[in-house]
Structures are given as C-alpha cells and as structure tokens.
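Colleague:
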Amino acid sequence: MPIPEYAVLVGRAVDRRFATTSSNHYEIRISAAGQSYRIAVNVQSADGSEVLYATRDHFEHAMLDPLALLADGHHPLPSQPGGLAVDFVRNEHFTAADFVALPATQPGDDNDLNDRIDTLVERAISQSDARVYAFGSSFFNPGQKDKYFDFKPAQGIHDVHMNQGNDKSFQKDDGVFQDGTLLFHFPADGDRWAAIFLAFQSQSFQTDDVTGHATATVQPPVDTHPPQPQPVAGTPGLRIVAALANSVQDPEVETVTLLNASPAAIDLTGYVLADKNKNKLPLAGAVDPGAALRITIAAPVQLSNKGGSITLLDANGKAVDSVSYSHEQASHPGWSIVF
Numbered sequence: 002m003p004i005p006e007y008a009v010l011v012g013r014a015v016d017r018r019f020a021t022t023s024s025n026h027y028e029i030r031i032s033a034a035g036q037s038y039r040i041a042v043n044v045q046s047a048d049g050s051e052v053l054y055a056t057r058d059h060f061e062h063a064m065l066d067p068l069a070l071l072a073d074g075h076h077p078l079p080s081q082p083g084g085l086a087v088d089f090v091r092n093e094h095f096t097a098a099d100f101v102a103l104p105a106t107q108p109g110d111d112n113d114l115n116d117r118i119d120t121l122v123e124r125a126i127s128q129s130d131a132r133v134y135a136f137g138s139s140f141f142n143p144g145q146k147d148k149y150f151d152f153k154p155a156q157g158i159h160d161v162h163m164n165q166g167n168d169k170s171f172q173k174d175d176g177v178f179q180d181g182t183l184l185f186h187f188p189a190d191g192d193r194w195a196a197i198f199l200a201f202q203s204q205s206f207q208t209d210d211v212t213g214h215a216t217a218t219v220q221p222p223v224d225t226h227p228p229q230p231q232p233v234a235g236t237p238g239l240r241i242v243a244a245l246a247n248s249v250q251d252p253e254v255e256t257v258t259l260l261n262a263s264p265a266a267i268d269l270t271g272y273v274l275a276d277k278n279k280n281k282l283p284l285a286g287a288v289d290p291g292a293a294l295r296i297t298i299a300a301p302v303q304l305s306n307k308g309g310s311i312t313l314l315d316a317n318g319k320a321v322d323s324v325s326y327s328h329e330q331a332s333h334p335g336w337s338i339v340f
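Everything in the sequence shown is counted per this note's numbering, starting at 2 for the first residue and increasing by one.
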C-alpha cells in the first residue's frame, strides 16, 4: 500500500539538527500557524549506502503559483495528477541522470548532504518571509514530545524522498504521485524558489503507472560532480553568469561577470552586489545590450572558497538575480564558476 497521510507542510524554518553517525536524518524545526513541526530528511539509506540527490537553486514549475497560495500549516494531498502531488517520474521535475550520490556527513565543507541541505535551510532561517514546503508522509503523536526539539505534540513530515520504484523490502510503500521533496521560497531574493529531491540507490526510475512498483532495475548514474545551478532571467535582463572565487593571483583577485541579455543598455547606478553575509558592493557604469561586464570584487564583499551566494540588487533594492556555488566548484584555482 502507498505511504500513509501524504501531505505538504508549509512553514518557517526556525531550527535544525545535523545528521550524525548514529542518526541518518537531517532534522528541521518548522513554525506554522502557532504550532511546531519537524521535518525528518533522510541523508543516508537504511543499508548505509549514500543517498542520491538533485537540486535546483533556481527552480521553476507550474505547481509553484498554486503552492505559494497555501497558508502555513499542514495540507493533506490526494495522490493524483493535476494537483500539487509530486511524482519524480511523471511530473518531469528531474531525470535519473540529474541525481548524484553524496555521503551523509564527512569532514570538510560543502561535501556531504548535511552541508547541501543546510545551505538552503540556514538561508531560510535567516529570512523571516522565507518558507519551506515539505512533501511526504505525515506523523502525529499527541501524547509525546518531539525527541529532537522537545515540543509537544510530536508531529511533522517524514519520507521526504522518492516513494516509488522500491526494492522488495520496501515495495509496500510504493505509489504514484506521492514522492517527497523539499522546496524553499525566498521572496526577498527575487521571489526565488529552490528545490532538493532525494532518492535511494536501490530505487528504480522506471515504475508502473498504477502501483508505482519498479518495472526495470535501472540505477541512476552516479556522478561526484553535481550539475551547476541553472540561470534564470533577471529583471530587466541583467544576469550573473560567472564568478572567480579562487584566483591564482597573490593577493587574490575575485570577480563577478554580468551579462545584459536585454536589447537596451542598463545603467548600473544604484545597483549593488551582495555576498552570502549581505555585505554590499556599489556598482557604476553601464552594460551595453548583449555585452558582459567583469566586476572586480572589493571589501567588504568576499567570495568564500568554501561556497557561498551572490545577489545582484537594483537601485530599488530588489533582487535582480541570485546564484550560489559550492565548495567543490570553488576548489579549482583560476577557474571561473559558470552559472
């Protein structure tokens, strides 16, 4: 039978707990409509294997507009097409080739699932208008306190991963239009959405349209170099297309490259670039139509070699474009990161 109580939880992230060697879940505390909830995110399989993940730092989909209309709180979802239910195979969110394997936790920065998830969760915690949308199976234990965050009643969402194409040991959980995922909405960052999709290496991406059972044993390719974030069009046409976060010069010279994709010149008076710590660098000059401008970064803005984000804001303080990069992407001296 399918997973029980399929739903989406909407709320503000207020706290989190990292997975450890004794706990294979990354835990997120959510505040919604005056209540607390917990999202339990698998970052390691029960058999100890690495979890597959796919992300989009700029996520676009037809479901986002109706999703944004949901109030904070718990919303049961019918497992059927045409609504908000998620299906990795049938909703065309991703393909099997988009998924890569990462360990749950290991020494270093931005090299495990703890780090990849925490980058978005930390950003959501820091922005009061940001919202997390967690799809999966609801749990509710009215007589118990939550074992991680100590609130009562213990309630929330788990099974935040693909819930079809399982091997025989978990085949009872198979179903269509009941996959779990994490979506993040950042209104302050140019009304941007980001997504994290998770699956297990034992799951097949070829499934029966009725039962969700695997119809073929086909494993997604495992690539240790995840795809770089895809750009989206900014407003009114200025985009961040590249960054040099780790140069070979001494002292280090960091740069950000902007592209004017519009048919008119754009005056940069009043525009600023902001780093992940919200430090801002004022810009000047203009960018001709179809031209690129390489900007040399100066204090207080810094492009950390451990990973970070870059946001372009216009003269009204509105985010025109925002990108993020990982520690792995910034680990090659002299190479520009292309967005």
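Glycine included, C-beta positions come from ideal geometry on N, C-alpha and C.
Is the stretch 142–157 close to the stretch 83–92, with three or more CB pairs under 8 Å?
Modeller: no
Colleague: In the DSSP assignment, the alpha helix (DSSP H) including N115 goes from what residue to what residue?
Modeller: Sequence index remark: in the sequence shown, residue 115 carries index 114 (1-based). Under the DSSP assignment, N115 falls in the alpha helix (DSSP H) whose first and last residues are L114 to S127.
Colleague: Using beta-carbon positions only, say whether H162 and G176 come within less than 7 Å of one another.
Modeller: Here residue 162 is taken as the residue at index 161 of the sequence shown, counted from 1. Here residue 176 is taken as the residue at index 175 of the sequence shown, counted from 1. Taking 7 Å as the Cβ cut-off, H162 and G176 do not qualify as a contacting pair.
Colleague: Taking the straight line between their C-alpha atoms, what separation do you get for T152 and H159?
Modeller: Taking the sequence shown and counting its residues from 1, one reaches residue 152 at position 151. Taking the sequence shown and counting its residues from 1, one reaches residue 159 at position 158. At residue 152 the sequence reads Phe, which differs from the Thr that was named. In this structure, the alpha-carbon of F152 lies about 17 Å from that of H159.
Colleague: Using a 10 Å radius around the Cβ and a threshold of 16 neighbouring Cβ atoms, would you call P222 buried or exposed?
Modeller: In the sequence shown, residue 222 corresponds to position 221, counting from 1. Reliability fails at P222, whose pLDDT of 45 lies under 50, so the model's placement of it is uncertain and the value that follows must be treated cautiously. Looking at its Cβ environment, which holds fewer than 16 other Cβ atoms inside 10 Å, P222 is exposed.
Colleague: On the DSSP bridge list, what partners appear for L71?
Modeller: As a working mapping, residue 71 is identified with position 70 in the sequence shown. According to DSSP, L71 bridges with nothing at all.
Colleague: Tell me which same chain residues have a C-beta within less than 7 Å of the C-beta of V254, skipping the five on either side of it?
Modeller: Here residue 254 corresponds to residue number 253 of the sequence shown, with the count starting at 1. Same-chain partners within the cutoff: S248 and T297.
Colleague: Where does F206 fall in DSSP's three states?
Modeller: For this step, residue 206 is matched to residue 205 along the sequence shown. The answer is coil: DSSP assigns F206 none of H, G, I, E or B.
Colleague: What's the call for F201, buried or exposed, on a 16-neighbour Cβ count within 10 Å?
Modeller: Numbered from its first residue, the sequence shown carries residue 201 at position 200. Buried is the call here.
Colleague: For the candidate residues V339, F141, A55 and P67, whose alpha-carbon lies nearest to that of T258?
Modeller: Within the sequence shown, residue 258 is the residue found at index 257, counting from 1. Residue V339 is the option with its Cα nearest to T258.
Colleague: Which value, in whole angstroms, describes the spacing of the CA atoms of D116 and S129?
Modeller: Along the sequence shown, one-based indexing puts residue 116 at 115. Along the sequence shown, one-based indexing puts residue 129 at 128. Their backbone Cα atoms lie some 21 Å apart in a straight line.
Colleague: Rounded to the nearest angstrom, how far is the Cβ of D289 from that of A266, given a contact under 8 Å?
Modeller: As a position in the sequence shown, residue 289 is number 288, starting the count at 1. As a position in the sequence shown, residue 266 is number 265, starting the count at 1. Their Cβ separation, rounded to whole angstroms, is 5 Å, which keeps D289 and A266 in contact under 8 Å.
Colleague: By the three-class DSSP mapping on this structure, what secondary structure does D174 have?
Modeller: Counting from 1 along the sequence shown, the entry for residue 174 is found at position 173. Here D174 sits in helix by DSSP.
Colleague: Work out the CA separation of Q36 and A98 for me, nearest whole Å.
Modeller: Here residue 98 refers to the residue found at position 97 of the sequence shown. Here residue 36 refers to the residue found at position 35 of the sequence shown. Computed Cα separation, rounded: 38 Å.
Colleague: For Q179, collect the residues of the same chain with a Cβ closer than 6 Å to its Cβ; drop the 5 residues on either side in sequence, then sort them by chain order.
Modeller: What you label residue 179 is simply residue 178 of the sequence shown in a count that begins at 1. Within the same chain, Q179 has close Cβ partners P3, I4, Y7, S80 and N164.
Colleague: Measure the CB-CB distance between H328 and G308 and report whether it falls below 7 Å.
Modeller: Stepping through the sequence shown from its first residue, residue 328 is reached at position 327. Stepping through the sequence shown from its first residue, residue 308 is reached at position 307. In contact: H328 and G308 (Cβ atoms closer than 7 Å).
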